[in-house]
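Visitor:
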Amino acid sequence: MLPKEFNLDNLDNGIRGLVITLNRIPEINKKTTIYGPTSCEGHIGEYKNGNPYSTKDGWIFFYKPAKKRKDLIGRINQFCIEFPYFSISDREMEEFDFLRAGLNPDQTEKFSSYEIIGSFWSDTGYMDNFRFLEEDARLIEKARIRKKELVSGWNELDSRIKDYIAKNIKKDIESLPYMEEKNRTKGFVIPVCPRCMFQ
(Lines of atoms letter the chains of each structure in order from A and count residues from 1; the text may use other names and numbers.)
(Lines give C-alpha, C1' and ligand atoms only; values in the text may rest on other atoms or scores of the structure.)
Protein backbone atom coordinates (compact mmCIF):
# COMPACT_ATOMS: atom_id res chain seq x y z
CA MET A 1 0.00 0.00 0.00
CA LEU A 2 0.92 3.62 -0.38
CA PRO A 3 1.60 5.71 2.73
CA LYS A 4 -1.46 7.74 3.71
CA GLU A 5 0.48 10.99 3.42
CA PHE A 6 1.59 10.27 -0.15
CA ASN A 7 0.26 12.72 -2.74
CA LEU A 8 -0.99 10.93 -5.86
CA ASP A 9 -0.51 14.15 -7.81
CA ASN A 10 3.23 13.49 -7.59
CA LEU A 11 2.81 10.53 -9.95
CA ASP A 12 3.08 10.92 -13.71
CA ASN A 13 -0.20 10.33 -15.54
CA GLY A 14 1.31 7.43 -17.48
CA ILE A 15 1.97 5.33 -14.38
CA ARG A 16 -0.57 6.59 -11.83
CA GLY A 17 -3.10 3.87 -12.63
CA LEU A 18 -0.48 1.11 -12.49
CA VAL A 19 0.89 2.30 -9.14
CA ILE A 20 -2.62 2.35 -7.68
CA THR A 21 -3.39 -1.11 -9.10
CA LEU A 22 -0.18 -2.62 -7.70
CA ASN A 23 -0.93 -1.23 -4.26
CA ARG A 24 -4.38 -2.84 -4.22
CA ILE A 25 -2.60 -6.20 -3.85
CA PRO A 26 -2.44 -6.76 -0.05
CA GLU A 27 1.18 -7.97 0.07
CA ILE A 28 2.54 -5.25 -2.22
CA ASN A 29 3.96 -1.98 -0.93
CA LYS A 30 5.22 0.90 -2.99
CA LYS A 31 8.71 2.17 -2.22
CA THR A 32 8.14 5.90 -2.20
CA THR A 33 8.81 9.16 -0.41
CA ILE A 34 6.54 11.65 1.31
CA TYR A 35 7.51 14.49 -0.98
CA GLY A 36 7.82 12.77 -4.33
CA PRO A 37 7.57 9.49 -6.17
CA THR A 38 10.15 6.81 -6.75
CA SER A 39 8.34 6.22 -10.01
CA CYS A 40 8.53 7.79 -13.44
CA GLU A 41 6.75 7.13 -16.74
CA GLY A 42 9.88 8.14 -18.69
CA HIS A 43 10.68 11.64 -19.90
CA ILE A 44 12.33 13.64 -22.64
CA GLY A 45 13.33 17.03 -21.29
CA GLU A 46 13.64 20.26 -23.26
CA TYR A 47 16.00 23.20 -23.13
CA LYS A 48 14.55 26.72 -23.08
CA ASN A 49 15.04 26.86 -26.84
CA GLY A 50 12.80 23.82 -27.22
CA ASN A 51 15.55 21.37 -28.16
CA PRO A 52 15.33 18.03 -26.32
CA TYR A 53 18.05 16.86 -23.98
CA SER A 54 18.82 13.52 -22.34
CA THR A 55 16.05 10.99 -21.87
CA LYS A 56 15.17 9.59 -18.48
CA ASP A 57 13.95 6.00 -18.24
CA GLY A 58 10.66 5.09 -16.65
CA TRP A 59 10.65 2.99 -13.48
CA ILE A 60 8.53 1.66 -10.65
CA PHE A 61 9.85 0.34 -7.32
CA PHE A 62 7.89 -1.88 -4.96
CA TYR A 63 8.54 -4.55 -2.36
CA LYS A 64 6.77 -7.64 -1.02
CA PRO A 65 7.37 -10.67 1.20
CA ALA A 66 9.82 -12.86 -0.70
CA LYS A 67 7.67 -16.02 -0.61
CA LYS A 68 4.35 -14.41 -1.50
CA ARG A 69 2.82 -13.46 -4.86
CA LYS A 70 5.52 -15.22 -6.86
CA ASP A 71 2.95 -15.78 -9.59
CA LEU A 72 2.51 -12.01 -9.88
CA ILE A 73 6.23 -11.62 -10.56
CA GLY A 74 5.87 -14.36 -13.16
CA ARG A 75 3.18 -12.29 -14.89
CA ILE A 76 5.42 -9.23 -14.91
CA ASN A 77 8.36 -11.27 -16.23
CA GLN A 78 6.19 -12.55 -19.07
CA PHE A 79 5.18 -8.99 -19.90
CA CYS A 80 8.86 -7.98 -20.03
CA ILE A 81 9.58 -10.84 -22.45
CA GLU A 82 6.83 -9.63 -24.77
CA PHE A 83 7.86 -5.97 -24.44
CA PRO A 84 11.68 -6.03 -24.65
CA TYR A 85 12.16 -2.39 -23.67
CA PHE A 86 10.79 -3.31 -20.22
CA SER A 87 12.68 -5.32 -17.60
CA ILE A 88 12.32 -6.30 -13.95
CA SER A 89 15.05 -6.91 -11.38
CA ASP A 90 14.91 -7.97 -7.75
CA ARG A 91 17.07 -8.27 -4.67
CA GLU A 92 16.59 -9.29 -1.05
CA MET A 93 15.90 -6.32 1.20
CA GLU A 94 18.43 -5.56 3.94
CA GLU A 95 18.13 -3.77 7.28
CA PHE A 96 18.64 -0.32 5.76
CA ASP A 97 15.80 -1.00 3.30
CA PHE A 98 13.53 -2.00 6.18
CA LEU A 99 14.15 1.29 7.97
CA ARG A 100 13.47 3.32 4.83
CA ALA A 101 10.24 1.43 4.23
CA GLY A 102 9.04 1.77 7.82
CA LEU A 103 9.34 -1.98 8.49
CA ASN A 104 10.59 -3.58 11.68
CA PRO A 105 14.21 -4.63 10.98
CA ASP A 106 13.96 -7.35 13.64
CA GLN A 107 11.24 -9.31 11.88
CA THR A 108 12.23 -12.69 10.50
CA GLU A 109 10.20 -12.62 7.29
CA LYS A 110 12.30 -11.95 4.21
CA PHE A 111 11.26 -9.22 1.78
CA SER A 112 12.29 -8.64 -1.81
CA SER A 113 12.61 -5.30 -3.56
CA TYR A 114 11.65 -5.02 -7.24
CA GLU A 115 12.33 -2.47 -9.94
CA ILE A 116 10.45 -2.41 -13.24
CA ILE A 117 12.26 -0.32 -15.85
CA GLY A 118 10.97 1.02 -19.16
CA SER A 119 14.11 1.95 -21.08
CA PHE A 120 14.60 4.30 -24.02
CA TRP A 121 17.82 2.74 -25.30
CA SER A 122 18.61 -0.65 -23.75
CA ASP A 123 17.35 -2.62 -26.77
CA THR A 124 18.98 -0.36 -29.37
CA GLY A 125 22.62 -0.51 -28.29
CA TYR A 126 22.65 2.75 -26.34
CA MET A 127 23.40 1.75 -22.77
CA ASP A 128 23.79 5.34 -21.51
CA ASN A 129 20.23 6.29 -20.58
CA PHE A 130 21.24 9.93 -20.17
CA ARG A 131 22.69 10.24 -23.67
CA PHE A 132 22.39 13.80 -24.97
CA LEU A 133 20.12 14.05 -27.99
CA GLU A 134 20.35 17.69 -29.03
CA GLU A 135 22.53 17.08 -32.10
CA ASP A 136 21.13 13.75 -33.28
CA ALA A 137 17.78 14.09 -35.05
CA ARG A 138 17.46 10.33 -35.47
CA LEU A 139 17.76 9.70 -31.74
CA ILE A 140 15.39 12.57 -30.97
CA GLU A 141 12.69 11.03 -33.16
CA LYS A 142 13.40 7.56 -31.74
CA ALA A 143 12.99 8.92 -28.21
CA ARG A 144 9.68 10.56 -29.04
CA ILE A 145 8.35 7.33 -30.54
CA ARG A 146 9.65 5.31 -27.60
CA LYS A 147 7.98 7.68 -25.13
CA LYS A 148 4.61 6.69 -26.61
CA GLU A 149 5.63 3.03 -26.47
CA LEU A 150 6.59 3.32 -22.80
CA VAL A 151 3.28 4.88 -21.78
CA SER A 152 1.40 2.28 -23.83
CA GLY A 153 3.45 -0.45 -22.12
CA TRP A 154 2.70 0.86 -18.63
CA ASN A 155 -1.01 0.83 -19.50
CA GLU A 156 -0.78 -2.73 -20.81
CA LEU A 157 0.97 -3.88 -17.63
CA ASP A 158 -1.73 -2.16 -15.56
CA SER A 159 -4.37 -4.11 -17.49
CA ARG A 160 -2.56 -7.42 -16.92
CA ILE A 161 -2.19 -6.82 -13.19
CA LYS A 162 -5.88 -5.94 -12.94
CA ASP A 163 -6.61 -9.26 -14.63
CA TYR A 164 -4.35 -11.00 -12.09
CA ILE A 165 -6.21 -9.35 -9.20
CA ALA A 166 -9.63 -10.25 -10.61
CA LYS A 167 -8.65 -13.91 -11.03
CA ASN A 168 -6.61 -14.40 -7.85
CA ILE A 169 -7.75 -11.89 -5.23
CA LYS A 170 -11.07 -10.18 -5.84
CA LYS A 171 -13.22 -9.45 -8.88
CA ASP A 172 -14.32 -6.09 -7.50
CA ILE A 173 -10.91 -4.47 -7.88
CA GLU A 174 -12.10 -0.97 -7.02
CA SER A 175 -13.17 -2.12 -3.54
CA LEU A 176 -9.58 -3.01 -2.59
CA PRO A 177 -7.81 -0.17 -0.75
CA TYR A 178 -4.51 1.10 -2.11
CA MET A 179 -3.59 3.61 0.60
CA GLU A 180 -2.95 3.06 4.31
CA GLU A 181 -5.36 4.46 6.88
CA LYS A 182 -2.54 5.55 9.19
CA ASN A 183 0.70 7.38 8.47
CA ARG A 184 3.57 4.98 7.88
CA THR A 185 6.40 7.46 8.33
CA LYS A 186 5.66 9.08 11.68
CA GLY A 187 8.93 10.00 13.38
CA PHE A 188 11.18 9.80 10.30
CA VAL A 189 11.31 10.61 6.63
CA ILE A 190 11.84 8.01 3.91
CA PRO A 191 14.93 9.08 1.94
CA VAL A 192 14.63 9.97 -1.72
CA CYS A 193 15.41 7.19 -4.17
CA PRO A 194 18.82 7.69 -5.88
CA ARG A 195 17.16 7.74 -9.31
CA CYS A 196 15.04 10.73 -8.27
CA MET A 197 18.15 12.88 -7.95
CA PHE A 198 18.27 12.95 -11.76
CA GLN A 199 14.83 14.57 -12.05
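In my numbering, the protein residues as written are 187 to 385. Where a beta carbon is used, it is the ideal one built from N, C-alpha and C, also for glycine.
For Ser275, which residues in the same chain have their Cβ closer than 8 angstroms to its Cβ, ignoring the five residues on either side in sequence?
Guide: Tyr300, Glu301, Ile303
Visitor: Using the C-alpha atoms, what's the distance from Asn237 back to Glu213?
Guide: 43 angstroms
Visitor: Who are the Cβ neighbours of Pro366 in its own chain at under 8 angstroms, not counting the five residues just before and after it?
Guide: Pro is not the amino acid found at residue 366; the sequence shown has Glu there. Correct list, in chain order: Met187, Leu188, Pro189, Lys190.
Visitor: For the beta strand (DSSP E) that Ser345 lies in, which residues bound it at each end?
Guide: Taken as a continuous stretch (DSSP letters only), Ser345 belongs to no beta strand (DSSP E), being part of the alpha helix (DSSP H) at 323-354.
Visitor: Do Phe192 and Lys250 have their CB atoms nearer than 8 angstroms?
Guide: no
Visitor: Assign Lys253 to one of two classes, buried (16 or more other C-beta atoms within 10 Å of its C-beta) or exposed (fewer than that).
Guide: exposed
Visitor: Might you give, ordered along the chain, the residues of its own chain that have their beta carbon closer than 7 angstroms to the beta carbon of Glu335, omitting 5 neighbours on each side?
Guide: Tyr271
Visitor: Suppose the cutoff is 6 angstroms on Cβ atoms and the five residues either side in sequence are ignored; what does the same chain contact list for Leu194 look like?
Guide: none
Visitor: In three-state DSSP terms, what is Arg210?
Guide: coil
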